[in-house]
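To convert a position in the sequence shown, counted from 1, into my numbering, add 7.
By construction, the Cβ of each residue, glycine as well, lies at the ideal position given by its N, Cα and C atoms.
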Amino acid sequence: MPTLVLRNVPTELHGKLKAAAAAHHRSMTQEAIVALSAAMGASAPQAKPSTEATLAWLDAMVWPRLTDDNRTPDQIVGYDVHGLPG
8 MPTLVLRNVP
18 TELHGKLKAA
28 AAAHHRSMTQ
38 EAIVALSAAM
48 GASAPQAKPS
58 TEATLAWLDA
68 MVWPRLTDDN
78 RTPDQIVGYD
88 VHGLPG
């Protein structure tokens, strides 16, 4: 992928980019790509989900499947009652 280096970015613009990146859970590079894409009429990538959204997804989709498992930890890892691989 090509690389673009920006020099002498005005302080105010840098601050706005940094704030937008934080608000959208992106790096400054990712946010700059999104802003340039929008300015050039290209489609921009979707924002990453928030921590809260990710935790809600884990609570709904992942943790229930893990907690429904009635096996012991040794059974999950693959050891029998004697501690030998089973």
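CB-CB length for residue 75 against residue 83, believed under 8 Å: So it is not a contact: roughly 13 Å between Cβ atoms.
Option in 9, 10, 11, 42 with minimal Cα separation from residue 25: 42
Backbone secondary structure at residue 92 - three-state DSSP: strand
Contact check, residue 38 vs residue 30, beta carbons under 7 Å: no
Limits of the unbroken alpha helix (DSSP H) element including residue 21: 18-30
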